[in-house]
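Each remark here refers to the structure printed beneath this line.
Pasting the structure below:
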């Protein structure tokens, strides 16, 4: 899903420009931090490899949300 998001972000940048793509990237970073903070109690006990896998799993919804938004040509 991460690869699909990155491709969609590149396509979005080509279509709508760097500024709009930077907005989406900024929203991703904010949402990622929130997901990590909200699940910190779980993540702190996991080994690093498992922690990274778990974070990616938790981010699936964020990727889908932002990809849907980019498909509509919008920004947050």
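In the numbering used here, the protein residues as written are 1233 to 1308.
Glycine included, every Cβ here is placed at the ideal spot set by N, Cα and C.
On a predicted model such as this, the values are computed, not experimentally measured, just so you know.
Pull up the CB-CB distance for residue 1271 and residue 1298, whole angstroms please, since I reckon it's below 8 Å. Within the chain shown, residue 1271 is the residue found at index 39, counting from 1. Within the chain shown, residue 1298 is the residue found at index 66, counting from 1. The Cβ separation is near 18 Å, so there is no contact.
Count the other CB atoms within 10 Å of the CB of residue 1254; is the residue buried (16 or more) or exposed (fewer)? Translated into positions along the chain shown, residue 1254 becomes position 22. Counting the other Cβ atoms within 10 Å of the Cβ of residue 1254 gives fewer than 16, which makes it exposed.
Could you check where the alpha helix (DSSP H) with residue 1278 kicks off and where it finishes? Within the chain shown, residue 1278 is the residue found at index 46, counting from 1. First-last for residue 1278: undefined, no H or E at that position.
Between which two residues does the alpha helix (DSSP H) harbouring residue 1302 extend? Position 70 of the chain shown, counted from the start, is the residue given in the question as residue 1302. Its alpha helix (DSSP H) spans residues 1292 to 1303.
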